[in-house]
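Scroll down for the structure; my scribbles are underneath it.
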Amino acid sequence: MAEPAALELAGVTKRYGPVVAVDAIDLKIPAGTYCCLLGPSGCGKTTTLRMIAGHETASDGDVVLGTHNITTLEPSRRGTAMMFQSYALFPHLDVVDNVAFALHMRGVEKAARRKRAMELLELVAMTPYAERLPSQLSGGQQQRVALARALVTEPQILLLDEPLSALDPFLRVKMRAELKRLQRELGISFIHVTHGQEEAMALADLVVLMNGGRIEQQGSPRSVFNEPASEFVARFMGGHNIVTTVAGKVAVRCDRTRLARGDGPRPAFVGSIEYQGTHVHIGLRSADGTEYLALVPERDFDRDPFTAGSVVSLEWDETEAHPVA
Amino acid sequence: MTPSTLTRHMTAWAQATPMAAVFFFFFLVPLALVVMVSFWDYNDYEMIPTFSGRGYTETFEGCLTRLPEMCTMFKTYAKTLKLAALVWALTLLIGFTVAWFLAFHVRSKTWQIALSLVCTIPFWTSNVIRMIAWIPLLGRNGLINQGLLGLGLVDRPVEWLLFSEFSVVLALVHLFTFFMVIPIFNSMIRIDRSLIEAARDAGASGWQTLWHVVVPLSKPGIVIGSIFVLTIVMGDFVTVGVMGGQQIASAGKVVQTHLDALQFPVAAANAVILLGVTLIIIATLSKLVDVRKEL
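Listed in order, the protein sequences are those of chains A and B.
When we follow our numbering, the leftmost residue of the first sequence carries the number 221, and every step to the right adds one.
When we follow our numbering, the leftmost residue of the second sequence carries the number 6, and every step to the right adds one.
Written as structure tokens, this is what we have:
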């Protein structure tokens, strides 16, 4: 397998006429990192990935992989490989020929390229399906083949464009674990575009949260979740209440938001009570109409249950409040 | 069978009836009549409704005895197949290129539709007028010859430009390339664009992408277009007549000549043979791809 290499984006910009899709982003991804580009649709995450892959040319800025500036190189000469959102398997080729396609294009002779393709199919546990056509495979199987096909060129970085979005929820969780395992085994960087914060937190070493063509916040999943830098981050990552205090807006995790009985400094009505197993989700509404959510552990709730319509007051430890601009 | 499924069956049959009737009366019945007449006897001025294989035996007269020399019938078919092959190759090359341009290089849907419509403009006039339009261009004193003479490139008018195989092929290609463009274009626009990117990502050059991805996925369109062009060219007699100066024989032309001489049984026999040859070509092409699956 190829040497893992670090990727650096420096002031990378993509303009479509007057529209700026990606606005001068700087990003360093150390070698062997599982990085998730996260954000709502239209935030520029896919465009960023496509610029790294070479399927879009950056309007400005540099993409550097290892010691090479790859900004304007052909996709196949960059040391990257891309796995497409809909997998883009060639419908007229069987699984082995799909995986061997890149080797075929390089003029590797048939027996050698098929042997190599079979090795990769073994890596993704698809050996029994080698002779099938893509249309005869399930979504999860197609994804494995797409993965094997992308890895056949021994890329230094694998780029995945919403790889799990076409799968059903059960398979998504299963494939997610498999992607992570594969990344660990191969030791190369994976850059994975997703709009699901849960997916990003489960997988990433480095979460890059984008919005409006800019990087809103980057860091480990824990730091992004626990120390949201802005209201957008807190809302997008979820699990936070945004509360306006005298010192400005702060984000407080829902599970660290406590409810005190009776009137207090921050009163709210209990709206909904939903049992969710480990926690009880209590929906709250303040007098000015702002909605909050408190996650109360089942045991605490059972000890002293709340009832809909009762008045409570929101409380939290000062250390739990993170000012968001 | 419950009453509701019975009704549904009746409805389905009722819906299929008009098309089936048209097909029966305007295709199957005339075809059966042609086959029947092809086995009738005849003399110089009338056909005689008794069974006879003369229509066929006289068509193939001397074909076996004079081997290896080719009889008229075999020569005619060889010529027809050669014309068909030339026209097929050229319409395929041009049609594929035009379809490729429309499908992959014209980005906006509006322009794709506009340019496809531009391709149909020649169809606003009749085939015959479009053929005749070539004459002032290609003739002995036509524009091209005048130009060549004026430039001093030739000292006598070039004769093979008109009333030759060249002009026949030129006119046929001109008339029928569009029948290649549309089915191939239709196959091409269904190709997922990410497949082209995936090929590029795997290091395929433009030609490699064309050959290993676009051509295989355009195969249904290529086959359908080929069936259109080959069947039309195999049966053509008007273009061969007009552009060949009535000097070139083709399978269709033979049928026409016998019809003009009121030799209906021989004409019918020739028509049946032509139909058979064309069906063999189509059957071979259909083996290459399951056309029904692609419609």
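Positions of the beta carbon are idealized from the N, C-alpha and C atoms, including for glycine.
Query, Result
"Residue from A:343, A:362, A:297 with nearest C-alpha to residue 318 of chain A", "A:362"
"Residues near residue 489 of chain A by beta carbon distance below 7 angstroms, same chain, minus five either side", "504, 505, 529, 531"
"4-residue-minimum alpha helix (DSSP H) runs that sit fully inside the stretch 95–142 of chain B, ordered along the chain", "114–125, 132–137"
"Nonlocal neighbours in the same chain, by C-beta distance under 7 angstroms from residue 266 of chain A, ignoring five residues either side", "381, 413"
"Rounded distance between the beta-carbons of residue 417 of chain A and residue 258 of chain A, thought under 8 angstroms", "6 angstroms"
"Pairwise C-alpha distance: residue 229 of chain B and residue 120 of chain B", "21 angstroms"
"Proximity test, Cβ basis, 8 angstroms: residue 445 of chain A and chain B", "no"
"6 angstroms CB neighbourhood of residue 471 of chain A in its chain, flanking five on each side removed", "448, 454, 460, 462, 542, 544"
"Buried or exposed by the 16-neighbour rule on C-beta atoms within 10 Å, applied to residue 81 of chain B", "buried"
"Residue closest to residue 340 of chain A, alpha-carbon to alpha-carbon, out of A:373, A:244, A:262", "A:373"
"Interface residues of chain B facing residue 295 of chain A [CB-CB closer than 9 angstroms]", "202, 205, 206, 207, 208"
"N- and C-terminal bounds of the alpha helix (DSSP H) containing residue 61 of chain B", "59–64"
"Amino acids of chain A, ordered along the chain, whose beta-carbon sits closer than 7 angstroms to that of residue 221 of chain B", "312"
"Interface residues of chain B facing residue 302 of chain A [CB-CB closer than 9 angstroms]", "202, 203, 206"
"Residue-chain proximity (residue 334 of chain A, chain B), Cβ-Cβ < 8 angstroms", "no"
"Residue 262 of chain B, enclosing alpha helix (DSSP H) - first and last residue", "256–265"
"Buried or exposed (CB count within 10 angstroms, at least 16 for buried), residue 241 of chain B", "buried"
"Cβ distance (whole Å) where residue 218 of chain B is taken to contact residue 235 of chain B below 8 angstroms", "The pair is not a contact, with the Cβ atoms about 26 angstroms apart (cut-off 8 angstroms)."
"Selection of the stretch 23–52 of chain B by Cβ proximity to chain A, strictly under 8 angstroms", "none"
"DSSP beta-bridge partners of residue 300 of chain A", "A:377"
"Residue 350 of chain A beta carbon less than 8 angstroms from that of residue 338 of chain A", "yes"
"Residue 15 of chain B burial status per 10 Å Cβ neighbour count (16 or more: buried)", "exposed"
"DSSP bridge partner residues for residue 409 of chain A (one or two, in chain order)", "A:377"
"Sequence-distant residues of its chain with Cβ nearer than 6 angstroms to residue 269 of chain B (five each side left out)", "42, 52"
"Residue interval of the beta strand (DSSP E) (run including residue 171 of chain B)", "Run containing residue 171 of chain B: none in the beta strand (DSSP E); it sits in the alpha helix (DSSP H), 170–194."
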